[in-house]
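Numbering (our numbering), first residue to last: 97 to 404. In this text, a Cβ means the ideal position worked out from N, Cα and C, and glycines have one as well. The structure displayed is predicted, hence computed values, not measured ones. Read the structure below first, then the notes.
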Amino acid sequence: MTSMLNQNVIAYPGPADREERSFLHARQREELPVNPAQRQTDNDGDRMKPFVHRIIHFDLNAEDWGSGATAVMYRCYLSALQLKSRELLYSRILENVVKGNVPTTSLLAFAIFEPHMKIVCKAVQDYLTHRNCDIEDEFAGVHEIVGVLANKHTANKGAVLAGLVAIGDRRVNAVARAARHLLSEADIKDFSRVQHIHMRSSSVEFYLDWLLELNQKFSREAVSDLACALMLMVVHDEFGEVEDVSEVNYVGFKMTTIRQTQPFESYYSEILPILKYLRQCDQFEPAISMVIEMWDGHKSKAAFLRNR
97 MTSMLNQNVI
107 AYPGPADREE
117 RSFLHARQRE
127 ELPVNPAQRQ
137 TDNDGDRMKP
147 FVHRIIHFDL
157 NAEDWGSGAT
167 AVMYRCYLSA
177 LQLKSRELLY
187 SRILENVVKG
197 NVPTTSLLAF
207 AIFEPHMKIV
217 CKAVQDYLTH
227 RNCDIEDEFA
237 GVHEIVGVLA
247 NKHTANKGAV
257 LAGLVAIGDR
267 RVNAVARAAR
277 HLLSEADIKD
287 FSRVQHIHMR
297 SSSVEFYLDW
307 LLELNQKFSR
317 EAVSDLACAL
327 MLMVVHDEFG
337 EVEDVSEVNY
347 VGFKMTTIRQ
357 TQPFESYYSE
367 ILPILKYLRQ
377 CDQFEPAISM
387 VIEMWDGHKS
397 KAAFLRNR
């Protein structure tokens with residue numbers, strides 16, 4: 097089968113009938129339905145309507161991602177809208193995706209054209225969560241995200257990969273491992289700066305696996321950035337626990353069981369031998385030593401976070 101990764105426009109399955117009807121209904125209104133509280137807090141008012149209209153009509157099959165109408169308008173609005181306004185817009189779009197008022201492909205417009213890492217990462221996760229899932233082709237959405245990752249016009253590839261890893265599904269991480277070669281050194285830096293308040297074993301293991309791979313093909317910048325990400329994990333940790341989703345069951349990418357957790361100290365003792373091995377690798381010592389120092393120092397704080 098011919099690979100689609102290097103094509104500028106990827107063929108996507110059309111929306112379900114219910115989405116098509118909702119899509120047409122939203123088109124007649126020329127704007128998304130919003131509750132009064134949102135309307136009061138939206139200071140951009142009428143000037144956002146064309147932008148909203150363009151986002152919900154983003155046509156993945158027909159538009160060029162570099163010079164198409166949505167790409168051009170998104171670049172214009174990046175200079176006109178503050179991050180807070182774009183976050184509000186994203187929240188409005190997502191709310192209406194969940195309600196079935198607009199197609200889930202609207203979220204991919206943010207994944208492709210938005211540069212801010214938090215919005216991009218969330219757009220990837222939300223798209224995979226809410227996209228209609230065909231159980232016979234469960235990974236179709238993941239393959240679409242890899243297509244976004246491979247496209248030269250995607251604004252923040254690092255955050256796109258981070259969104260995949262943040263799903264927490266080791267099957268998805270296997271795809272992400274195969275796709276991470278698509279990232280430049282600048283993209284890897286962007287990827288490493290996306291952090292969450294929950295530590296997750298699948299994410300830690302993704303970083304460790306990447307570092308082990310870099311022992312065979314060394315890149316000082318990549319090692320430094322990935323080590324920095326491991327250090328930032330403990331800086332941002334607010335719970336003192338590590339989530340383990342290895343036993344979680346998924347329908348599509350919606351979890352059907354409760355996540356398992358273990359104390360940070362327990363999980364750290366499990367991965368410490370890997371960190372010590374990496375520290376012995378040629379030119380890894382300075383970066384990995386700092387990781388071990390910070391993770392050691394986090395043990396007492398983790399216990400406090402769990403007991404507060």
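Item                                                                                                       : Value
DSSP bridge partner residues for D340 (one or two, in chain order)                                         : Q356
Element boundaries [alpha helix (DSSP H), containing Q291]                                                 : Looking at the DSSP string, Q291 is not in any alpha helix (DSSP H), and its letter there is neither H nor E.
Spatial distance of A258 from F235 (CA atoms)                                                              : 17 Å
Given S181 as reference, the closest of L204, A167, V148 and A158 once Cα atoms are compared               : V148
Per-residue burial, R171 [other beta carbons within 10 Å of its own, 16 or more giving buried]             : exposed
Cβ-based neighbour list, S323, same chain, cut-off 8 Å, excluding 5 preceding and 5 following              : This sequence places Ala at residue 323; Ser is not what is there. Same-chain partners within the cutoff: L307, A383, I384, M386 and V387.
Alpha helix (DSSP H) runs contained entirely in the region 226-291, provided each spans 4 or more residues : 236-246, 253-262, 266-275 and 281-288
R296, DSSP secondary structure in three states                                                             : strand
Classification of A398 by the beta-carbon crowding that lies within 10 angstroms, buried from 16 upward    : buried
When V238, E317, K248 and V341 are compared against R266, the one with the closest alpha-carbon            : V341
Cβ neighbour criterion (16 or more within 10 Å) applied to S175                                            : exposed
Cα-Cα separation between A219 and V238, rounded to whole angstroms                                         : 13 Å
Assumed close pair L304, I367 - CB separation to whole angstroms, cut-off 8 Å                              : 7 Å
Per-residue DSSP class, three states only, for F209                                                        : helix
Terminal residues of the alpha helix (DSSP H) in which G393 lies                                           : E381 to N403
Beta-carbon gap between A246 and L278 smaller than 9 Å                                                     : yes
Beta-carbon separation (whole angstroms), V256 vs T250, contact threshold 8 Å                              : 6 Å
First and last residue of the uninterrupted alpha helix (DSSP H) at N192                                   : L179 to K195
Buried or exposed by the 16-neighbour rule on C-beta atoms within 10 Å, applied to K253                    : buried
Cα-Cα separation, L204 to V319                                                                             : 30 Å
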